[in-house]
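Numbering (the working numbering), first residue to last: 144 to 413.
Every residue, glycine too, gets a C-beta built ideally from N, C-alpha and C.
What follows is a single structure, written as structure tokens, with notes after it.
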């Protein structure tokens, strides 16, 4: 079988993301406008939540991709996707059906779907969609990064001390004597959106300079990190459980001028 082009992979990622966010918007309106009851459960903790919408959306996204690539493998935030496809296929789709679950549950608009694809472990293409904010991000290796159809332009901040950063603080805090403690780099400000999609999207929109995460999953960062790199930024990530494909990562991504300082802080002081 002929390998798909980067442009084709981007197109299918956008198509699958649309399938996902169409479901999310419909469910969001039924819950927050029409009063439908949403069943919510805890996955690993009280801040790691799951709804029936997550699984329903992932199943639809996988089906949309399988129409084009029935042999490709999958890894998704929700269980089951890893059993699909040809185990010998070099292609694997990485799916976050509902990024920003807490926002979704509480009626905030910062949620969406993230779709990436890798070949032999190298991220090739992907798309992210925040439907209610009307924000689309997509791109591919060597094909550039785009926000709502325009090339991404990153900020030009020259030093970390002047940078505006993003991070999901509650997820990376350490509990000491019953309280959450968080260390922060010396910078201008740190913003917390409750969604890796928006935290990465704000960099791609030119509004902030970088992100840092501890324990985040590949489906959260795969597309955003690729697009930041394609736009001229830098990124690094280290698997914290190398033998676990669903394990966490220590990572950072930012505009080029501040990256070395941010990455050094992430590795040594976070």
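Cβ separation of residue i and residue j, assumed to be a contact under 8 Å, to the nearest whole Å
| i | j | result |
| --- | --- | --- |
| residue 357 | residue 239 | With 8 Å as the limit, residue 357 and residue 239 do not qualify as a contact, their Cβ atoms being about 18 Å apart. |
| residue 200 | residue 227 | With a Cβ gap of about 16 Å, residue 200 and residue 227 do not count as contacting. |
| residue 343 | residue 284 | The pair is not a contact, with the Cβ atoms about 17 Å apart (cut-off 8 Å). |
| residue 150 | residue 286 | 7 Å |
| residue 205 | residue 170 | That pair is no contact at about 17 Å. |
| residue 397 | residue 376 | 6 Å |
| residue 371 | residue 401 | Not quite, the Cβ-Cβ distance comes to about 12 Å (not below 8 Å), so this is no contact. |
| residue 207 | residue 217 | With 8 Å as the limit, residue 207 and residue 217 do not qualify as a contact, their Cβ atoms being about 12 Å apart. |
| residue 255 | residue 242 | 6 Å |
Counted within 10 angstroms of its Cβ, other Cβ atoms place residue i as buried (16 or more) or exposed
| i | result |
| --- | --- |
| residue 176 | exposed |
| residue 310 | buried |
| residue 282 | buried |
| residue 182 | exposed |
| residue 146 | exposed |
| residue 246 | buried |
| residue 329 | exposed |
| residue 292 | exposed |
| residue 180 | exposed |
| residue 155 | buried |
| residue 322 | exposed |
| residue 351 | buried |
Neighbourhood of residue i by C-beta distance below 7 Å, restricted to the same chain and skipping five residues each side
| i | result |
| --- | --- |
| residue 359 | 339, 391, 392 and 394 |
| residue 203 | 162, 163 and 166 |
| residue 406 | 379 and 395 |
Proximity test, Cβ basis, 8 Å: residue i and chain C
| i | result |
| --- | --- |
| residue 292 | Given the protein chain composition of this structure (a single chain), no chain C is represented. |
Cross-strand partners of residue i (DSSP beta bridge)
| i | result |
| --- | --- |
| residue 155 | Residue 155 pairs with nothing; no bridge assigned. |
| residue 355 | 395 |
| residue 308 | 333 and 353 |
| residue 282 | 269 and 288 |
| residue 236 | 217 and 260 |
| residue 382 | 392 |
| residue 169 | Beta-bridge pairing links residue 169 to no other residue. |
| residue 317 | 324 |
| residue 183 | 194 |
Chain-order list of residues whose beta-carbon lies under 6 Å from that of residue i (same chain, five-residue window excluded)
| i | result |
| --- | --- |
| residue 275 | 252 |
| residue 260 | 152, 236, 267 and 268 |
| residue 327 | 333 |
| residue 366 | 257, 259, 269 and 271 |
| residue 341 | 253 |
| residue 174 | 181 |
Beta-carbon contacts of residue i that lie in its chain and below 8 Å, excluding the five residues immediately before and after
| i | result |
| --- | --- |
| residue 299 | 398 and 400 |
Indicate whether the contact test is met: 3 or more Cβ pairs, each with one atom in the stretch 154-169 and one in the stretch 265-274, closer than 8 Å.
-> yes
Any chance the stretch 212-225 sits against the stretch 375-383, with 3 or more Cβ pairs inside 8 Å?
-> The stretch 212-225 is not in contact with the stretch 375-383.
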